[in-house]
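K.L.:
Dropping the structure in here first, questions after.
Number of protein chains: 2
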Amino acid sequence: MELDLTFPAAELTARLVDIESVSGNEALLADAIADAIGRLPHLAMYRDGNAIVARTAFGRPERIVLAGHIDTVPVAGNLPSRLDGDMLYGCGSCDMKSGVAVQLRLAAQLTAAARDVTYVFYDCEEVEAERNGLLRLSRNSPEMLAADFAVLMEPTGAMVEGGCQGTLRAEVVAGGERAHSARSWMGSNAIHNAGGILDVLRAYQARQPVVDGLGYHEGLNAVGVTGGVAGNVIPDECIVTVNFRFAPDRSPEQAADHVREVFAGFEVKITDSASGARPGLSQPAAASFVAAMGGEPRAKLGWTDVARFDSLGIPAVNYGPGDPTLAHRRDEHVPLAQIAECEARMLTWLAA
Amino acid sequence: MELDLTFPAAELTARLVDIESVSGNEALLADAIADAIGRLPHLAMYRDGNAIVARTAFGRPERIVLAGHIDTVPVAGNLPSRLDGDMLYGCGSCDMKSGVAVQLRLAAQLTAAARDVTYVFYDCEEVEAERNGLLRLSRNSPEMLAADFAVLMEPTGAMVEGGCQGTLRAEVVAGGERAHSARSWMGSNAIHNAGGILDVLRAYQARQPVVDGLGYHEGLNAVGVTGGVAGNVIPDECIVTVNFRFAPDRSPEQAADHVREVFAGFEVKITDSASGARPGLSQPAAASFVAAMGGEPRAKLGWTDVARFDSLGIPAVNYGPGDPTLAHRRDEHVPLAQIAECEARMLTWLAA
């Protein structure tokens, strides 16, 4: 399974898509990438499981990380890749093998540059955080990720998307007292009592704060509800699972406090949370990047691994080919022109 | 496994309790009952699976059915039976082997009487209606159940409980539109929309109508709720399962219309319903029964098989030893004195 890095990025994307790499099954693709990188003498390679790090050593004062995950969500009858006009279809075409193709093209072409570059290809981004290859690298070999600025090549429609929102999940519990449903007034109906939780959600006014110049948009939503004992029993518990997407001017702790305050009077169990990342676009590296990529930067609303770079003290943005709203869809696809555009702009910026 | 029908009813109850007969496993108990009945020459016996019918042929103008189910809910560490002071504990002690013991004692003693009597012992009352032994008898041999009046010897605390309320279950569905929870405003949250269903339930004013002189008490309650796709998805469906307990002045069709009307604007799927039964205490047989048993009759709020007799055109009441609110509980028990009282009052009434 050989990757020819002289191919145009669009064609290389198709090759990458055709090497199935659902989370946990990235070995074949990681081998192919390691093999291709291994043939580039200007790069030093490091491998940790199915994560690969390739670094230039040009001796420049500034180092940039270009990162991308090589895994995909499960295949949904959308392999092999398929070209339709100027669109490439297939599992991972948008999220995010087109971005990985751009990384590989840059790795091959930038034998000299104004900035040192660290290319990171990692596994298991589409599954639970504990398996995430970037997290593993950051624990095993944090020095490999050291940099002044990072670009996560997730799909953004070739626009710079700064920072990301945090996410928190909590179980909000309404209690009650069991009784036979033929004598419901002897108990207290937990599902009816959960109406108070839904009242809060329906009345909630989400903030749309501007953070470092970018407009975020929070959201507090029920993503699950469960309650009931039997068809003839007044239930004594109803659990509403809520997901709070919060702007990066709140920490996870502040987000948790906010959720507890909003649902005062109900039991609230925080089940998981991940911090967001401020866009940090005023940092010099970020500013030069934004200028080079063109367009008006916008806020990233979904959570991405830029938050992990942020927690390592490395400013990071999202930038890559493909419409982010197509990610994880059976019909995901990417415009060939956008892949080429990303490659060209990145090449210009890094070489300058 | 021999049942000695000369034992006092309280002792006979303990024997019946100790023959485990969880729904579907009634054969051993049915055999024991058939064997005991078979030794009584004044009774003609008919058996259909684990249901047994025993009939006198005294040639009286009036025929009474005494009916009881011989199955129990699953054993919950409450076998064998246990005597504690004047209380008998054990699975089925209250619901309703003490009532069955009274039936058997009457069957043995009433070798002559002022009324003809049909004793019905049936299986599978505690499970889905389609398996109910009384329903099976009513289909296979309706002539066996023919009577002027029926007493269902379910636990009522030795008070006459007239009629029963009907029960209806429905799924009330709130719709929505899926979206990623990071951009919740692109969708419509079905769980939030279900708040409208809970609003209706919380505001619902239940009727407490008087029907044929007895006060009923309706109730409309959520007994289940389910919704949610994934922790990061705005859900497009939320289903609230409601249970409507309705007084016997409504038919199941009227009850269904009422539920649809109450939840106007939401999709309503009626999943099952069972009609109630009017108390019919003004009928001569019922009136004489009430007078003989003493006390003030009250309405039966739970659904019982009196509704099945009602649908066969046979007025019926509930009357038996044991507190109905103890039924199905691990600690169910019955006062020995109540068993003896029921037996004595029934004997007097039937012999007169």
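Residue numbers (numbering that gives the first Met the number 0), protein chains in the order written: chain A, 0 to 351; chain B, 0 to 351.
For every residue, glycine included, the Cβ atom is placed at its ideal position computed from N, Cα and C.
If you draw a straight line from the alpha carbon of residue 255 of chain B to that of residue 167 of chain B, how long is it in whole angstroms?
P.N.:
Rounded to the nearest angstrom, the two C-alpha atoms are 7 Å apart.
K.L.:
Beta-carbon of residue 303 of chain A versus every beta-carbon of chain B: anything under 8 Å?
P.N.:
No, residue 303 of chain A does not count as interfacial toward chain B.
K.L.:
Looking at the structure shown, is residue 19 of chain A part of a helix, part of a strand, or coil, going by DSSP?
P.N.:
Three-state result, residue 19 of chain A: coil.
K.L.:
Please list the residues of the segment 293-318 of chain B that have a C-beta atom closer than 8 Å to any C-beta atom in chain A, keeping them in chain order.
P.N.:
Those would be 300, 301 and 302, in chain order.
K.L.:
Using beta-carbon positions only, say whether residue 64 of chain B and residue 117 of chain B come within less than 8 Å of one another.
P.N.:
Yes.
K.L.:
Relative to the alpha-carbon of residue 221 of chain A, which residue among A:214, A:239, A:213 and A:235 has its alpha-carbon at the smallest distance?
P.N.:
Cα-wise, what sits closest to residue 221 of chain A is A:239.
K.L.:
Indicate the three-state DSSP secondary structure (helix, strand or coil) for residue 401 of chain B in the structure shown.
P.N.:
In the structure as shown, chain B starts at 0 and stops at 351, and residue 401 of chain B therefore has no counterpart that could be examined.
K.L.:
Apart from the five residues on each side of it in sequence, which residues of its chain come closer than 7 Å, Cβ to Cβ, to residue 57 of chain A?
P.N.:
Contacts found: 111, 112 and 115.
K.L.:
Quick check on residue 164 of chain A - is its C-beta less than 8 Å from some C-beta in chain B?
P.N.:
Closer than 8 Å to some Cβ of chain B, the Cβ of residue 164 of chain A qualifies, so yes.
K.L.:
Please determine if the segment 158-176 of chain A and the segment 228-242 of chain A are in contact, where contact requires at least 3 C-beta pairs separated by less than 8 Å.
P.N.:
Contact between the segment 158-176 of chain A and the segment 228-242 of chain A is present, because at least three Cβ pairs lie under 8 Å.
K.L.:
Quick one: what's got a C-beta closer than 7 Å to residue 73 of chain A's C-beta in the same chain, skipping five residues either side?
P.N.:
So the qualifying residues of the chain are 21.
K.L.:
How is residue 143 of chain B classed by DSSP in three states: helix, strand or coil?
P.N.:
Correct three-state label for residue 143 of chain B: helix.
K.L.:
For the beta strand (DSSP E) containing residue 151 of chain A, list its first residue and its last residue.
P.N.:
Element bounds for residue 151 of chain A: 148-151.
K.L.:
With distance defined between alpha-carbon atoms, name the residue in A:134, A:258 and A:276 nearest to residue 268 of chain A.
P.N.:
Minimum Cα distance to residue 268 of chain A is reached at A:258.
K.L.:
Between the beta-carbon of residue 218 of chain B and the beta-carbon of residue 246 of chain B, is there less than 8 Å?
P.N.:
No, the Cβ-Cβ distance between residue 218 of chain B and residue 246 of chain B is not below 8 Å.
K.L.:
So that I know if they touch, is there some Cβ in chain C lying closer than 8 Å to that of residue 272 of chain A?
P.N.:
In summary, chain C is missing from the structure at hand, where the protein chains are A and B.
K.L.:
Count the other C-beta atoms from every protein chain shown that fall within 10 angstroms of the C-beta of residue 209 of chain B, then say buried if there are 16 or more, exposed otherwise.
P.N.:
Classification of residue 209 of chain B: exposed, given that the 10 Å Cβ count is below 16.
K.L.:
Would you report the Cα separation of residue 350 of chain A and residue 109 of chain A, rounded to the nearest angstrom?
P.N.:
Roughly 7 Å between the two C-alpha positions.
K.L.:
Starting from residue 266 of chain A, follow the beta strand (DSSP E) in both directions and report where the run begins and ends.
P.N.:
Element bounds for residue 266 of chain A: 266-273.
K.L.:
Counting only beta-carbon separations shorter than 8 Å, does residue 168 of chain A have a partner in chain B?
P.N.:
At least one chain B Cβ lies under 8 Å of residue 168 of chain A.
K.L.:
Quick one: Cα of residue 137 of chain A to Cα of residue 122 of chain A, how far?
P.N.:
Near 13 Å, if we compare the C-alpha coordinates of residue 122 of chain A and residue 137 of chain A.
K.L.:
Please decide whether residue 181 of chain A counts as near chain B, where near means a Cβ-Cβ distance under 8 Å.
P.N.:
Yes, contact with chain B.
K.L.:
Under the three-state reduction of DSSP, which class applies to residue 352 of chain A: helix, strand or coil?
P.N.:
Since the first and last residues shown for chain A are 0 and 351, residue 352 of chain A lies out of range.
K.L.:
Taking Cβ-Cβ distances below 9 Å as the criterion, which residues of the segment 211-239 of chain B are in contact with chain A?
P.N.:
Hits within the stretch, in order: 216, 218, 219, 220, 221, 222, 223, 224, 225, 226, 227, 228, 229, 230, 231, 232, 233, 234, 237 and 239.
K.L.:
Sort A:95, A:150 and A:223 by Cα distance to residue 287 of chain A and report the nearest one.
P.N.:
Of the candidates A:95, A:150 and A:223, the one whose C-alpha sits nearest the C-alpha of residue 287 of chain A is A:150.
K.L.:
Are the C-beta of residue 131 of chain B and some C-beta of chain A separated by less than 8 Å?
P.N.:
So no, residue 131 of chain B is outside the interface.
K.L.:
Any idea what DSSP makes of residue 353 of chain B, helix, strand or coil?
P.N.:
Residue 353 of chain B cannot be examined here, being either before or after the span of chain B that is shown, 0 to 351.
K.L.:
List, from N- to C-terminal side, the alpha helix (DSSP H) runs of 4 residues or more that fit wholly inside the segment 184-240 of chain A.
P.N.:
Here the runs fully enclosed are 189-192 and 194-202.
K.L.:
For residue 7 of chain B, is the classification buried or exposed, using 16 other Cβ atoms within 10 angstroms of its Cβ as the cut-off for buried?
P.N.:
Answer is exposed; the Cβ neighbour count stays below 16.
K.L.:
Using the Cβ count rule (16 or more neighbours within 10 Å means buried), how would you classify residue 281 of chain A?
P.N.:
When all chains shown are included, residue 281 of chain A counts as exposed.
K.L.:
Compare the C-beta of residue 191 of chain B with all C-beta atoms of chain A and state if any pair is closer than 8 Å.
P.N.:
Yes, its Cβ sits closer than 8 Å to a Cβ of chain A.
K.L.:
Among A:302, A:204, A:295 and A:314, which one has its Cα closest to the Cα of residue 125 of chain A?
P.N.:
The shortest C-alpha separation from residue 125 of chain A is found at A:302.
K.L.:
With three or more C-beta pairs closer than 8 Å as the rule, is the segment 177-184 of chain A touching the segment 312-328 of chain A?
P.N.:
No, they do not touch.
K.L.:
Just the C-alpha distance for residue 304 of chain A and residue 134 of chain A, rounded to the nearest angstrom, thanks.
P.N.:
If I take the Cα positions, the gap works out to 9 Å.
K.L.:
What is the residue span of the beta strand (DSSP E) that residue 174 of chain A lies within?
P.N.:
Where residue 174 of chain A is concerned, the enclosing beta strand (DSSP E) stretches over 165-174.
K.L.:
Note down, in chain order, every chain A residue with its Cβ under 8 Å from the Cβ of residue 201 of chain B.
P.N.:
Here the neighbours are 191 and 194.
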